[in-house]
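Written out below as structure tokens is the structure these notes cover.
In this note's numbering, the protein residues as written are 15 to 481.
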């Protein structure tokens, strides 16, 4: 019996990768994307310019045979370079060494690479085609093109990978309520840019510790934590950095409401980010021309309508970007779903139900951890108690690696389920609090006694799977 024909809504990162993986497993796949083909029209922004690729996403790309191509376009980030108010900076490593790093990748370049791979695998791509409506009883969908012309096509099995504002989700929810909840973070973001070092003065570069290609240390994610708000900067391959300002959307100063134009924002940066402002020569133009983006978490009780329609990636579980796991989680989704469909191609209802049972607890866990990581990044990275816990955790991981691994490492460098990392991280944090007894000095803890307590308190970690 031939494999089923599958219609995918959305040709972004997750949609393109899923399409490629399904086609490689013998499915006939059509992708309908509302935007024009970025390989011809150029990539249309509006979302983060670069993203953090970690082990889960890399493993999905390995499965698809694309990891090597992607890594040629990636910049290694060893850890967080924390910039304090007084101009000092220091690196907090993500992992134990250079085998545990994350990678900065261009959203546009990655999307185009994945579209090429999907097309090469036999996927039929249709651009400038928006989902207008869906009739799940007849298995037909209505599309509308850029000129406003409508057409109906058969789509008995339709999967929505069309992001947080999913049109398929809206259609499914109208047909049968999905139990949708959106939790706004209350904070928003705006993107700015540090140009390559060659476009800045020699004096500025010397002061920032940069060079002709990169104005800052290239192999780090830079953070300017200010308690309640922050800036971050991610490197791009050509030498620039994408800077993102995160602030409360409303409320007292500082918020985007109190900084409506570059005039107010520049004065704010002069006070709060004096070392960063000189590195953004087009600050006024960037600030006034770039939109303020919203940040929220999406929860659904149901991700599918029996075997007829399913949501995946951000369309099912959009999260805030502070753990760098949105894309990685979506990529992990594609592997799970493609494998389940390959095993049971003629039982989509069973597959879609199983997919939700496997992935929903993990999606909920990374959603919670992403919000927690925002608080950590903007407030805790310079906090003495946080630093003491981090130092003690590293010592325990060194002495008893089978029993202790920092939650960030579990999430970022292993394939342990997010839900496990969330619960284990909580248990480990409680243990660290107990061992420190309020001290801000890891050296105050008797390490031999601490290891004994750890072994007696927590079971060994599951077998760790790295790429």
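For every residue, glycine included, the Cβ atom is placed at its ideal position computed from N, Cα and C.
Here residue 160 is exposed, its C-beta having fewer than 16 other C-beta atoms within 10 Å.
Annotated three-state conformation of residue 115 is coil, per DSSP.
In the DSSP secondary-structure assignment, residue 154 is bridged to 149 and 168.
For residue 472, there is no enclosing alpha helix (DSSP H), as DSSP marks it with neither H nor E. If you draw a straight line from the Cα of residue 132 to the Cα of residue 244, it is about 38 Å long. Sixteen is the threshold: when 16 or more other Cβ atoms of the shown chains lie within 10 Å of the Cβ of residue 236, as they do, the residue is buried. Taking the Cα positions, residue 418 is about 46 Å away from residue 56. Annotation: the continuous alpha helix (DSSP H) that includes residue 388 extends over 362-389. In the DSSP assignment, no residue is bridged to residue 425. The beta carbon of residue 370 is closer than 7 Å to those of 317 and 318 in its chain, skipping five residues each way along the sequence. According to the DSSP secondary-structure assignment, residue 44 is paired through a beta bridge with 21 and 138. Residue 208 has its alpha-carbon roughly 11 Å from the corresponding atom of residue 227.
The continuous beta strand (DSSP E) containing residue 64 extends over residues 64-67.
Per the C-alpha coordinates, the member of 282, 205 and 287 positioned closest to residue 103 is 287.
Judged by DSSP secondary structure, residue 344 falls outside any beta strand (DSSP E) and instead within the alpha helix (DSSP H) spanning 340-357. When the five nearest sequence neighbours on each side are left out, the beta carbons in the same chain lying within less than 6 Å of the beta carbon of residue 377 are those of 331, in order along the chain. Distance from the CA atom of residue 192 to the CA atom of residue 143, rounded to whole angstroms, is 25 Å. Bounds of the alpha helix (DSSP H) holding residue 398 are 398-413. Remark: three or more beta-carbon pairs, one from each stretch, lie closer than 8 Å, so the stretch 307-326 and the stretch 193-200 are flagged as touching. For the pair residue 45 and residue 26, the CB atoms are not nearer than the 7 Å cut-off. Counting C-beta pairs closer than 8 Å gives fewer than three between the stretch 114-125 and the stretch 144-154, which falls short of the contact rule. Three or more beta-carbon pairs drawn from the stretch 339-356 and the stretch 28-42 are found closer than 8 Å, and the two stretches are therefore classed as touching.
The C-beta of residue 174 has 16 or more other C-beta atoms within 10 Å across all chains shown, which makes the residue buried. For a cut-off of 8 Å, the C-beta gap from residue 234 to residue 423 is around 17 Å, too long to register as a contact. Ranked by Cα distance from residue 149, the first of 326, 190 and 137 is 190. CA-to-CA, the gap between residue 475 and residue 329 works out to about 32 Å.
In the DSSP secondary-structure assignment, residue 246 is bridged to 237 and 258.
At a Cβ-Cβ threshold of 7 Å, residue 66 and residue 253 do not count as neighbours.
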